[in-house]
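> Residues in the sequence shown are numbered consecutively from 9, following my numbering. Each residue gets a CB set at the ideal place from its N, CA and C atoms; glycine is no exception. Before I ask anything, let me first share the structure, which is written out below as structure tokens.
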Amino acid sequence: HGAKSRLDREGRQRQERRPVERPPERLRERRFVTGSGAVTLSGAGTWSNGTLGGGAGSLTVVTGGVLDVTAGGHTVSTGYTLGTSGTGRVKLSGADIGFAGTGSKFVNAGVLEFAGDFSLSEGGNSNFDNKATGVVTKTQGAGTSTIGLSNGSDAGGSYVVSAGKLRLAGGGTFTGTGTITASGGGTLAFGNNNGNLAGLTATGGTRLCLPQPFQRQLTMELVEVTRCSPEIVGCKTLITRSHCRTASPV
């Protein structure tokens, strides 16, 4: 009997020393992906909460992959890169993504979708890089989605604004090295006053909102400049010759 009691006590002690597993929801409250390695997502994934980072690493959503950003808090930390390639898609369906600071970036060679009035915001000196194969689209939401990273560059990607307004903004520069294509029935607005565009082609029905430096650069490429409709006061609508029409005066 004494031996059995001793074994029972030792068994209880081993159980008490066994690590307690954290429930999945607690894990999601901490970091989502960490480290300095290169991670790829090729299937369906949901980012419900947490931080990407902890080193100069990257997460790239590749062909066949979709990263759905749902309601919660989402941060890309200093030095980390979130990106897309091929048909890979990052879809903001429930929340913004915040970029924490210097060196954090979004590199879009696939698809960046705003499925609602959500934005990319920053804590300072982050980067947005849209490649020639990159497509940025706003599919839902009557309001404004903003790519609010300080330093923007575009090698000739496409912007499809099917709903509301998509605004490229920030306190730094926006540099275009290729001809940007804009389409859809919404508004594409450029908020940076510094930088340059190599070229811009817009299809009929697309509204463009450009600061004065960009208007001067593109006057020769886009034939007609008219005053924009009241909802985008202070900007101008640029319309190609094949779709000339007069916008409502301010």
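Quick one: residues in its chain with C-beta nearer than 7 angstroms to the C-beta of Phe-126, no 5 flanking neighbours on either side, listed in chain order?
For this step, residue 126 is matched to residue 118 along the sequence shown. So the qualifying residues of the chain are Leu-100, Ala-103, Asp-104 and Ser-153.
> Taking Ala-140 as part of the beta strand (DSSP E), name the residues at either end of that continuous run.
Residue numbering aside, residue 140 sits at position 132 when the sequence shown is read from its first letter. Careful: Ala-140 lies outside any beta strand (DSSP E) and carries neither H nor E.
> Among the candidates Asn-204, Asn-138, Gly-193 and Gly-81, whose CA atom is the shortest distance from the CA of Leu-216?
Taking the first residue of the sequence shown as 1, we reach residue 216 at position 208. Of Asn-204, Asn-138, Gly-193 and Gly-81, the residue nearest in Cα terms is Gly-193.
> Could you pull out every residue in the same chain whose Cβ sits closer than 8 angstroms to the Cβ of Gly-3, ignoring the five residues on either side in sequence?
Shown here, the chain extends from 9 to 258; a query on residue 3 therefore has no answer.
> Determine, using beta carbons only, whether Phe-182 and Gly-160 come nearer to each other than 7 angstroms.
On the sequence shown, position 174 is the one that residue 182 refers to. On the sequence shown, position 152 is the one that residue 160 refers to. Yes, the pair counts as a contact, with Cβ atoms nearer than the cut-off.
> Sorted by chain position, which residues of the same chain lie with C-beta nearer than 8 angstroms to Phe-107's C-beta, five sequence neighbours on each side aside?
Within the sequence shown, the letter at position 99 stands for residue 107. Closer than 8 angstroms at Cβ, skipping near neighbours: Thr-83, Val-84, Lys-113, Phe-114, Leu-128, Ser-129, Glu-130, Gly-131, Ser-134 and Leu-157.
> Cα-Cα, which of Phe-198, Gly-149 and Ser-191 is closest to Ala-210?
Counting from one through the sequence shown, the residue named residue 210 turns up at place 202. For Ala-210, the nearest C-alpha among the options comes from Ser-191.
> Assuming contact is defined by CB atoms lying nearer than 7 angstroms, are Gly-207 and Thr-189 in contact in what I supplied?
The residue you call residue 207 lines up with position 199 of the sequence shown. The residue you call residue 189 lines up with position 181 of the sequence shown. Against a cut-off of 7 angstroms, the Cβ pair of Thr-189 and Gly-207 comes out as no contact.
> Among residues of its own chain, excluding the 5 on either side of Ala-163, which ones have a beta-carbon nearer than 6 angstroms to its beta-carbon?
Stepping through the sequence shown from its first residue, residue 163 is reached at position 155. Around Ala-163: Lys-139, Ala-140, Thr-185 and Gly-186.
> Specify the secondary structure class of Leu-218 as computed by DSSP and reduced to three states.
By one-based count along the sequence shown, residue 218 stands at place 210. In this structure, Leu-218 counts as coil in the three-state DSSP scheme.
> Provide the residue span of the beta strand (DSSP E) that contains Thr-185, from first to last.
Start at 1 with the first residue of the sequence shown, and residue 185 comes out as number 177. Run containing Thr-185: none; DSSP gives neither H nor E here.
> Determine the direct distance from the alpha carbon of Ala-150 to that of Gly-45, and round the result to whole angstroms.
By 1-based counting over the sequence shown, the position of residue 45 is 37. By 1-based counting over the sequence shown, the position of residue 150 is 142. Gly-45 and Ala-150: Cα-Cα distance of roughly 38 angstroms.
> Among residues of its own chain, excluding the 5 on either side of Thr-89, which ones have a beta-carbon nearer than 7 angstroms to its beta-carbon?
Position 81 of the sequence shown, counted from the start, is the residue given in the question as residue 89. Excluding sequence neighbours, Thr-89 sits near Ser-66, Lys-113 and Val-115.
> Which residues in the same chain have their Cβ closer than 6 angstroms to the Cβ of Gly-213, if we skip the five residues on either side of it in sequence?
Locating residue 213 in the sequence shown gives position 205, counting from the first residue. These residues qualify, in order along the chain: Gly-193.
> Is Gly-172 buried or exposed, if buried means 16 or more other CB atoms sit within 10 Å of its CB?
If you number the sequence shown from 1, residue 172 lands on position 164. Buried.
> Since Phe-126 is in the beta strand (DSSP E), which residue starts that stretch and which ends it?
If you number the sequence shown from 1, residue 126 lands on position 118. Unbroken run through Phe-126: none, as it is neither H nor E.
> Any idea if Ala-197 is buried or exposed, counting beta-carbon neighbours within 10 angstroms, 16 or more meaning buried?
Numbered from its first residue, the sequence shown carries residue 197 at position 189. Buried: at least 16 other Cβ atoms inside 10 Å.
> Pick from Val-74, Thr-48 and Val-47: whose alpha carbon is nearest that of Thr-54?
Counting from one through the sequence shown, the residue named residue 54 turns up at place 46. That would be Val-74, whose Cα lies nearest to the Cα of Thr-54.
> So, are the CB atoms of Val-70 and Ser-50 less than 7 angstroms apart?
Translated into the one-based positions of the sequence shown, residue 70 becomes position 62. Translated into the one-based positions of the sequence shown, residue 50 becomes position 42. Contact flag set, yes.
> To the nearest angstrom, how far is the alpha carbon of Asn-204 from that of Ser-170?
Stepping through the sequence shown from its first residue, residue 204 is reached at position 196. Stepping through the sequence shown from its first residue, residue 170 is reached at position 162. Near 25 angstroms, if we compare the C-alpha coordinates of Ser-170 and Asn-204.
> Taking the C-alpha atoms as reference points, what is the distance between Thr-59 and Leu-120?
Numbered from 1 along the sequence shown, position 51 holds the residue referred to as residue 59. Numbered from 1 along the sequence shown, position 112 holds the residue referred to as residue 120. Computed Cα separation, rounded: 19 angstroms.
> According to the Cβ coordinates, are Thr-95 and Ala-117 closer than 7 angstroms?
Residue numbering aside, residue 95 sits at position 87 when the sequence shown is read from its first letter. Residue numbering aside, residue 117 sits at position 109 when the sequence shown is read from its first letter. No, Cβ-Cβ distance for Thr-95 and Ala-117 is not below 7 angstroms.
> What separation, rounded to the nearest whole angstrom, lies between the Cα atoms of Thr-145 and Thr-110?
What you label residue 145 is simply residue 137 of the sequence shown in a count that begins at 1. What you label residue 110 is simply residue 102 of the sequence shown in a count that begins at 1. Distance between the alpha carbons of Thr-145 and Thr-110: 26 angstroms.
> Using the C-alpha atoms, what's the distance from Thr-48 back to Val-41?
Counting from one through the sequence shown, the residue named residue 41 turns up at place 33. Counting from one through the sequence shown, the residue named residue 48 turns up at place 40. C-alpha separation (whole angstroms): 11 angstroms.
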